[in-house]
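Read the structure below first, then the notes.
Protein chains: 2
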Amino acid sequence: MIEKGIDCGSLIRSMGEAARSAGQVLAGASSARKAAALEAAAAAILGERDAILAANAEDMARASANGLSPAMLDRLRLDLARVEAMAAGVEAVAHLRDPVGRIIDETLRPNGLILQRVRVPLGVIGIIYESRPNVTADAGALCLKSGNAAILRGGSEAMASNRAIHAALVRGIVSEGLPEQSIQLVGVTDRAAVGAMLTAAGLIDIIVPRGGKSLVARVQEEARVPVLAHLDGINHVYIDAAADPAKAIDITVNAKMRRTGVCGAMETLLIDRAYPDPKALIGALIETGCVVRGDAAVQALDVRVTAASTEDWDTEYLDAIASVAIVDGIDGAMAHIARHGSHHTDAIVTEDKPTAERFLAGVDSAIVAHNASTQFADGGEFGMGAEIGISTGRLHARGPVALEGLTTYKWLVRGTGQTRP
Amino acid sequence: MIEKGIDCGSLIRSMGEAARSAGQVLAGASSARKAAALEAAAAAILGERDAILAANAEDMARASANGLSPAMLDRLRLDLARVEAMAAGVEAVAHLRDPVGRIIDETLRPNGLILQRVRVPLGVIGIIYESRPNVTADAGALCLKSGNAAILRGGSEAMASNRAIHAALVRGIVSEGLPEQSIQLVGVTDRAAVGAMLTAAGLIDIIVPRGGKSLVARVQEEARVPVLAHLDGINHVYIDAAADPAKAIDITVNAKMRRTGVCGAMETLLIDRAYPDPKALIGALIETGCVVRGDAAVQALDVRVTAASTEDWDTEYLDAIASVAIVDGIDGAMAHIARHGSHHTDAIVTEDKPTAERFLAGVDSAIVAHNASTQFADGGEFGMGAEIGISTGRLHARGPVALEGLTTYKWLVRGTGQTRP
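First to last, the protein sequences are chains A and B.
Per UniProt numbering, the first sequence starts with residue 1, numbered consecutively.
Per UniProt numbering, the second sequence starts with residue 1, numbered consecutively.
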């Protein structure tokens with residue numbers, strides 16, 4: 001085990017150094033060249049679809065034999081449509097607006113100095129993910145487009161698929177003259193490689209974990225490199241007394257039931273004690289197939305409501321289950337969210353503007369919505385064209401993160417010989 | 001020692017919780033109220049100058065008895081002029097533009113949703129500093145103005161001074177109705193308190209160390225909370241073949257000798273092998289009292305040049321010493337900086353625009369300057385009105401950091417009942 005650790009340490013070190021060199025080239029690559037490289041990568045994925053599907057079949061056979069759950073098998077599985085979607089995703093990233101070189105602001109100082117803040121890549125991004133092989137293409141493309149080198153570490157069960165996708169990606173970018181090591185795949189299944197990435201300060205600038213809660217928790221716990229991640233999406237919808245009842249039902253049902261497994265799904269519904277028709281709202285939610293666990297007041301409204309335990313208010317179900325509480329107006333709602341929320345996405349439904357503004361200002365979450373479903377928490381829906389993840393941290397980037405969040409800035413000082421008095 | 005650690009842990013925990021509550025109030029406080037509170041704090045510092053000076057005399061007597069160095073005693077010492085400057089500094093921060101509430105960008109989506117990114121405070125800032133008592137007022141004011149709660153931990157040798165300044169600050173802000181715990185001072189001298197702050201993830205959002213290299217190194221090493229800091233300022237000035245000789249001399253002398261102890265001071269001078277008059281440049285630097293350590297080519301230019309060792313290229317002297325190397329044009333200069341620089345501030349002197357642009361684009365430092373002294377690396381000089389520090393990290397904020405760097409943003413989603421298809 002110690003020997004394995006040492007091997008992984010030196011592996012990640014040499015990958016990190018190669019990534020740093022590649023990153024220096026990528027930082028200076030033009031938008032046109034990066035776009036051409038990604039177009040070539042997308043074409044290579046399509047062109048090598050047979051090899052990718054064959055590799056995936058290998059992974060699937062091994063995973064079935066190892067008794068992976070049907071849900072995990074589905075995440076691992078590729079078919080022609082999924083490979084085509086993957087290539088289309090890379091193609092879409094190729095055409096996104098390049099953040100690198102953008103001038104954030106410019107100031108002329110009284111001494112004649114011109115100061116510009118200009119976006120530059122972060123450098124080297126480490127992506128740690130689980131069984132979905134499409135992340136290889138998706139994350140690799142986002143890193144490259146933003147001028148960053150990527151070190152990808154996918155799940156061991158998807159190793160053959162990831163290798164095939166990675167080979168296609170690299171073939172594409174090399175054909176346009178960008179470095180082979182712009183996107184590297186950690187080729188060992190040893191879990192010590194993850195530990196080595198998490199402690200590779202100075203070699204990897206930021207780690208993005210993409211996967212379930214246990215992966216993200218481990219990453220956040222062990223990392224000595226900054227992490228861009230969210231752990232929980234315990235999202236609330238608050239139905240105010242002044243809510244439009246039709247919007248209340250539409251938004252609640254959509255926020256909970258459109259897709260229950262996404263991080264933007266509502267987990268807790270808070271209803272103002274003064275809301276006129278809570279019974280219809282809860283009934284509508286139950287009729288979509290949602291299990292409702294409520295406090296005493298909610299249980300009194302509908303016999304199908306079961307009792308919520310104290311843990312329910314802190315639970316991210318990611319399932320067709322909702323906890324529902326009656327609260328005393330917006331103050332009760334905000335106090336509940338401050339205590340139980342996870343700073344991801346929370347929404348208010350109300351026709352009362354000042355109440356909406358109080359909620360938008362007072363709720364400390366990455367995304368706060370008024371009269372809109374929490375399921376809009378997504379980079380695509382935010383017009384970013386893609387998403388590397390959603391951050392519930394407060395530093396650097398918050399909420400959906402795409403290309404801009406993978407950059408930093410530097411200050412350019414343009415003078416004519418100025419010295420400081 | 002274990003008992004002390006436990007005490008400090010629970011002390012910092014309770015201070016962190018109090019700070020979180022105060023921060024929630026501060027996040028919602030209007031710019032006018034924060035400004036009024038800081039004006040009152042500035043007035044209180046002036047009004048309580050006798051108590052502050054008496055407390056400082058106590059610290060000075062103890063420090064002298066303990067044999068502190070003259071440099072440290074000078075940093076610790078307050079007099080009427082320094083107290084007045086401290087009050088003026090708080091007053092100046094009161095009138096800075098408030099970043100909180102500023103809309104970074106706004107997007108109208110095809111579905112009618114309006115997305116706004118709005119600046120909000122980071123939350124709770126921990127400041128760890130050494131003997132200068134003015135940091136108590138300065139850092140406390142910047143945190144409050146940006147809507148953050150502050151936990152200040154100054155040097156034990158300045159404890160009486162810090163207590164007196166802190167008491168005045170708090171008196172001012174409380175008089176304007178803001179929470180007493182907006183700015184807290186860690187009142188124990190036990191070094192374990194620093195350790196407790198560094199590991200207070202979830203209670204403290206960011207740590208800003210202000211002090212010498214050993215403090216910053218310890219903070220970066222031990223912290224589990226994000227840190228905003230720079231460790232070294234190994235800054236370079238590169239004199240290109242096409243440099244104007246008068247600018248070359250002016251900028252080099254200013255960058256090195258204006259103040260040798262600041263982090264923006266030049267430490268290494270790189271001269272293009274094709275630069276016409278290196279002898280005059282080195283002579284001018286030596287004549288200002290600078291010790292020059294050079295490579296063989298530089299030694300050959302002037303008998304007063306001593307030999308640079310390999311460590312010199314990686315040394316931040318913070319003194320009237322410079323290392324000087326002859327390099328092969330801009331590529332040699334950029335390679336030297338990439339290898340030995342600390343990503344702080346580097347400058348080029350040249351009249352050739354394309355060369356300047358290559359340097360500005362290619363040098364990976366927080367600040368890259370053309371025909372300007374490296375000593376402009378300062379929040380005040382950048383028009384920020386103040387500075388909490390200079391960051392050489394890549395995440396969140398880079399270069400001089402003032403109010404904006406103490407904020408994050410949240411996304412506001414304004415809808416009219418939208419649900420996600």
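For every residue, glycine included, the Cβ atom is placed at its ideal position computed from N, Cα and C.
All values reported here derive from a predicted model rather than from experimental measurement.
- Contact annotation: in the region 96-114 of chain B, residues whose CB is within less than 8 Å of a CB in chain A are T107, R109 and L113.
- Under the rule that a run must span 3 or more residues, the beta strand (DSSP E) segments found entirely inside the region 205-250 of chain A read 206-210 and 235-239.
- Beyond the five residues adjoining it in sequence on each side, R49 (chain B) comes within less than 6 Å, by CB distance, of V83 in the same chain, given in chain order.
- In summary, the residues of the region 380-405 of chain A whose CB is separated from some CB of chain B by less than 9 Å are E381, F382, G383, G393, R394, L395, H396, A397, R398, G399 and P400, in the order they occur in the chain.
- Close CB contacts of S146 (chain A) within its chain, under the 7 Å cut and outside five residues either way in sequence, are with P99, V100, P121, L403, L406 and T407 (chain order).
- Only residues of its own chain outside the window of five on either side were considered, and among them I251 and A347 have a CB closer than 8 Å to the CB of A372 (chain A), listed in chain order.
- Against P276 (chain B), chain A offers no close residue; the least beta-carbon distance is about 17 Å (beta-carbon pairs closer than 7 Å).
- When Cβ pairs closer than 8 Å are counted between the two stretches, the region 320-328 of chain A is seen to touch the region 266-276 of chain A, the count reaching three or more.
- Contact between L142 (chain A) and A44 (chain A) does not hold, since their C-beta atoms are separated by about 17 Å, which reaches or exceeds 8 Å.
- Three or more Cβ pairs drawn from the region 389-401 of chain A and the region 216-231 of chain A lie within less than 8 Å of each other, which places the two stretches in contact.
- For S21 (chain B), not one C-beta of chain A is nearer than 7 Å to its own C-beta.
- Listed in chain order, the non-local C-beta contacts of I114 (chain B) below 7 Å within the same chain comprise E106, L108 and R414, local neighbours out to five positions each way being set aside.
- A contact between stretches requires three or more CB pairs, one per stretch, nearer than 8 Å, and the region 23-42 of chain B fails this requirement with the region 151-163 of chain B.
- V225 (chain B) has a beta carbon lying at 7 Å or more from every beta carbon in chain A.
- In the three-state scheme derived from DSSP, where H, G and I count as helix and E and B as strand, T350 (chain B) is classed as coil.
- In this structure D295 (chain A) is in contact with A308 (chain A), their Cβ atoms being roughly 6 Å apart against a cut-off of 8 Å.
- Residue environment analysis places D59 (chain A) among the buried positions, since at least 16 neighbouring C-beta atoms fall within 10 angstroms of its C-beta.
- Contacts between S365 (chain A) and chain B, judged by CB atoms closer than 8 Å, involve K410 in chain order.
- Against chain B, the beta carbon of S31 (chain A) has no neighbour under 9 Å; the closest one sits roughly 14 Å away.
- Residues of chain B with a Cβ closer than 7 Å to the Cβ of A265 (chain A) do not exist; the shortest Cβ-Cβ separation is about 11 Å.
- For M60 (chain A), the enclosing alpha helix (DSSP H) begins and ends at R49 to A65.
- In the three-state reduction of the DSSP assignment, V401 (chain A) falls in the strand class.
- Under the DSSP assignment, N134 (chain A) falls in the alpha helix (DSSP H) whose first and last residues are N134 to K145.
- With fewer than 16 other CB atoms across the displayed protein chains lying within 10 angstroms of its CB, D331 (chain A) is exposed.
- K410 (chain B) is bridged by DSSP to B:V118.
- In the three-state scheme derived from DSSP, where H, G and I count as helix and E and B as strand, H340 (chain B) is classed as helix.
- According to the DSSP secondary-structure assignment, M266 (chain B) is paired through a beta bridge with B:N235.
- The alpha-carbon separation between I234 (chain B) and E180 (chain A) amounts to approximately 32 Å.
- In this chain, the alpha helix (DSSP H) harbouring G195 (chain B) covers A192 to L198.
- Scanning its chain for C-beta atoms nearer than 6 Å, with the 5 sequence neighbours on each side dropped, one finds around V135 (chain B) the residues Y129 and R210, in chain order.
- Distance from the CA atom of I103 (chain A) to the CA atom of L144 (chain B), rounded to whole angstroms, is 29 Å.
- Contact of A372 (chain A) with chain B is assigned, a C-beta pair being separated by under 7 Å.
- V93 (chain A) sits away from A137 (chain A), with the two beta carbons spaced by 7 Å or more.
- Distance from the CA of V303 (chain A) to the CA of K279 (chain A), rounded to the nearest whole angstrom, comes to 11 Å.
- With fewer than 16 neighbouring CB atoms inside 10 Å of its own CB, L80 (chain A) falls in the exposed class.
- For G126 (chain A), the enclosing beta strand (DSSP E) has its first and last residue at V124 to Y129.
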